[in-house]
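Here's the structure we're looking at; comments come further down.
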Amino acid sequence: MGVNVRQPAPKLLVVGGGGREHAICWRLRQDRPHAEIFCAPGNAGTADVARTLDIGAADIDDLVSWARSERPDLVVVGPEDPLIGGLVDELQAIGVPAFGPTGRAAAIEGSKAYSSALVTRLGVPAPDHATFDNVDDALAYVEDEPDGVVVKADGPALGKGVIVCDTPEEADAAVRRMMVEGAFGASGARVVVQELLQGPELSVLALSDGTTFRTIGVARDYKRIGDGDRGPNTGGVGSYTPVPDASAELVARVEREIIAPVLAGMRAEGRPYVGLLYAGLILTAEGPKVIEFNCRMGDPETQVVLPVLQGDFVDLIDAAGSGRLDRTSTCPPTQAAVAVVLTSEGYPGPSASGHPIDGLDAVDSGLVFHAGTERRDGAVRTAGGRVLAAVGLGDDLGEARDEAYALAASIRFRGAGYRSDIAADALGMAVAS
Ligand code: AMP
Ligand code: GLY
Numbered sequence: 416m417g418v419n420v421r422q423p424a425p426k427l428l429v430v431g432g433g434g435r436e437h438a439i440c441w442r443l444r445q446d447r448p449h450a451e452i453f454c455a456p457g458n459a460g461t462a463d464v465a466r467t468l469d470i471g472a473a474d475i476d477d478l479v480s481w482a483r484s485e486r487p488d489l490v491v492v493g494p495e496d497p498l499i500g501g502l503v504d505e506l507q508a509i510g511v512p513a514f515g516p517t518g519r520a521a522a523i524e525g526s527k528a529y530s531s532a533l534v535t536r537l538g539v540p541a542p543d544h545a546t547f548d549n550v551d552d553a554l555a556y557v558e559d560e561p562d563g564v565v566v567k568a569d570g571p572a573l574g575k576g577v578i579v580c581d582t583p584e585e586a587d588a589a590v591r592r593m594m595v596e597g598a599f600g601a602s603g604a605r606v607v608v609q610e611l612l613q614g615p616e617l618s619v620l621a622l623s624d625g626t627t628f629r630t631i632g633v634a635r636d637y638k639r640i641g642d643g644d645r646g647p648n649t650g651g652v653g654s655y656t657p658v659p660d661a662s663a664e665l666v667a668r669v670e671r672e673i674i675a676p677v678l679a680g681m682r683a684e685g686r687p688y689v690g691l692l693y694a695g696l697i698l699t700a701e702g703p704k705v706i707e708f709n710c711r712m713g714d715p716e717t718q719v720v721l722p723v724l725q726g727d728f729v730d731l732i733d734a735a736g737s738g739r740l741d742r743t744s745t746c747p748p749t750q751a752a753v754a755v756v757l758t759s760e761g762y763p764g765p766s767a768s769g770h771p772i773d774g775l776d777a778v779d780s781g782l783v784f785h786a787g788t789e790r791r792d793g794a795v796r797t798a799g800g801r802v803l804a805a806v807g808l809g810d811d812l813g814e815a816r817d818e819a820y821a822l823a824a825s826i827r828f829r830g831a832g833y834r835s836d837i838a839a840d841a842l843g844m845a846v847a848s
């Protein structure tokens, strides 16, 4: 992307304001202590390591104007919306280096119909699926699926456009919610119906320069709000790395059967994927199958992957952006990390905000990555459903978990909640089911 990023004090912009972006800013600061780092729109935590810009992550025009006048050496785009909306294309058009896929390549997340067709064409292991534009066809299909299905809105829906259905009746209701009631707006006018797979989930994060890729993280995240995977889906309320049931052989199989063919297939169709490709997998009895791709780092996977990533992250993303990943090498992390996400009362439904957060000044071990926080009236306050992640580090998952939970217990705000079983499965602990 440019020699400037390799200088000791590059000018960097991180787009986004969640826990993932706080972790990215923190890591950029670790790797480039003298860098000038900006974050748009950031949160109360990013303000400790970066300068806050009052520009929303989806305000593509304002971000491009800022970049046109400020000429950053690199823009790192965190969330999917600006990527799908073509922010990277626009920045490249004005000669500003940006890390992330182009809008066409980001369709791997932006359109589930596109990604489903891609994996089918390439023979990549994935659940059986069908795509529908017509509600009657969709209803007729799910009626004949007694073993359960997953109904997914084609377009982006803030991580909420996925309904897991155990019975044909639930699937019928899910199709109607999306296609008749329009619960996800235009994103649900077309739906993908997938076979309901059984098995543990795994997130694999691979950096790609379009031709070469490097896996930089393997993590497990927790989507359901309640212990034992009960309750509604969320944006992700915990994560850990490494994942003991993801052996080096299994990761190599994922790279060989899923990541490599998808990147080669996209290159062959004239949409090379440059950026971070996130493969969401289920480890079935028949082997790993991909249930979704994301065009960006995961949240809260990033909060555990970046603290333990070996090497220089800035160099790695620079190499990915400039077609030089083949000249880099990566080593597996030597440390473990566990993230416990503290949420506001009510999340993932409407949740309270504005409560002061205590305990942040007394953190002496572990890391706190803010998500829904803001500084107002002299205090750091809650400002969203996912408030922050308490991240513990250690030589093994047990140590990391103990640190994460000690940290989570030391941070207090009204209505705070968190799961008590993050990483318990990896340690062979009993988990409520
Ligand atoms: P997604 O947004 O596609 O990752 O889906 C959200 C969650 O729904 C996933 O993390 C899984 O827990 C679940 N899910 C999605 N697709 C499937 C599938 N085909 N089989 C089983 N569970 C799924
Ligand atoms: N943790 C899942 C996601 O970022 O989509």
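Residue numbers for the sequence shown follow the numbering used here, so the first one is 416 and each next one is one higher.
We put the beta carbon where it would ideally sit given N, CA and C, even for glycine.
Exercise. For Q507, which of helix, strand or coil comes out of DSSP?
Worked result: helix
Problem set entry | Neighbourhood of V824 by C-beta distance below 6 Å, restricted to the same chain and skipping five residues each side | According to the sequence shown, residue 824 is Ala rather than Val. Nothing listed; no residue qualifies.
For this session: Indicate, with yes or no, if the ligand GLY has a heavy atom lying under 7 Å from the CB of E716.
Result: yes
Exercise. Near the ligand AMP, which residues have their beta-carbon less than 5 Å from any of its heavy atoms, given in chain order?
Worked result: P542, V565, V577, Q609, L611, L612, K638, G695, I706 and E707
Exercise. Who are the near neighbours of S766 in its chain, counting only those whose CB is closer than 7 Å to its CB and skipping five residues on each side?
Worked result: S759, E760 and G800
Problem set entry | Three-way DSSP call (helix, strand, coil) for L468 in this model | coil
For this session: Give the range of the beta strand (DSSP E) segment to which K575 is assigned.
Result: Taken as a continuous stretch (DSSP letters only), K575 belongs to no beta strand (DSSP E), as it is neither H nor E.
Exercise. By a C-beta neighbour count over all protein chains shown, 10 Å radius and 16 as the cutoff for buried, is D476 buried or exposed?
Worked result: exposed
Exercise. If you compare alpha carbons, which of R711, D660 and V689 is closest to A700?
Worked result: D660
Exercise. Between which two residues does the alpha helix (DSSP H) harbouring K527 extend?
Worked result: K527 to L537
Exercise. What residues are listed by DSSP as bridge partners for F784?
Worked result: A804
Problem set entry | Nearest to G434 (by Cα), restricted to the options R829, L665, P497 and S654 | S654
Exercise. Does the beta-carbon distance from A513 to V490 come in below 8 Å?
Worked result: yes
Problem set entry | Of the residues L724, E818 and A520, the one placed nearest V753, counting alpha carbons only | E818
For this session: From the DSSP output, in three-state form, read off E760 for me.
Result: coil
For this session: Would you mind giving the Cβ-Cβ distance between Y637 and I837, rounded to the nearest angstrom? I have them listed as a contact below 8 Å.
Result: 6 Å
Exercise. Using the C-alpha atoms, what's the distance from E451 back to R421?
Worked result: 13 Å
For this session: Using only alpha-carbon positions, find the residue among A473, A572, D562 and Y693 that is nearest to C580.
Result: D562
For this session: Buried or exposed for D776, please, with buried defined as at least 16 other CB atoms from any protein chain shown within 10 angstroms of its CB.
Result: exposed
Exercise. Cβ of G570 versus every heavy atom of the ligand GLY: is any distance shorter than 7 Å?
Worked result: no
For this session: Give the secondary structure of Y820 by DSSP, where H, G and I count as helix, E and B as strand, and everything else as coil.
Result: helix
Problem set entry | L692 beta carbon less than 8 Å from that of I674 | yes
Exercise. For N709, is the beta carbon positioned less than 7 Å from some heavy atom of the ligand GLY?
Worked result: yes
Problem set entry | D548 CB to nearest heavy atom of the ligand GLY below 7 Å | no
Exercise. According to DSSP, what are the bridge partners of V590?
Worked result: In the DSSP output, where bridge partners are listed per residue, V590 has none listed.
Exercise. At what residues does the alpha helix (DSSP H) containing E610 begin and finish?
Worked result: Unbroken run through E610 is the beta strand (DSSP E), V606 to E610; no alpha helix (DSSP H).
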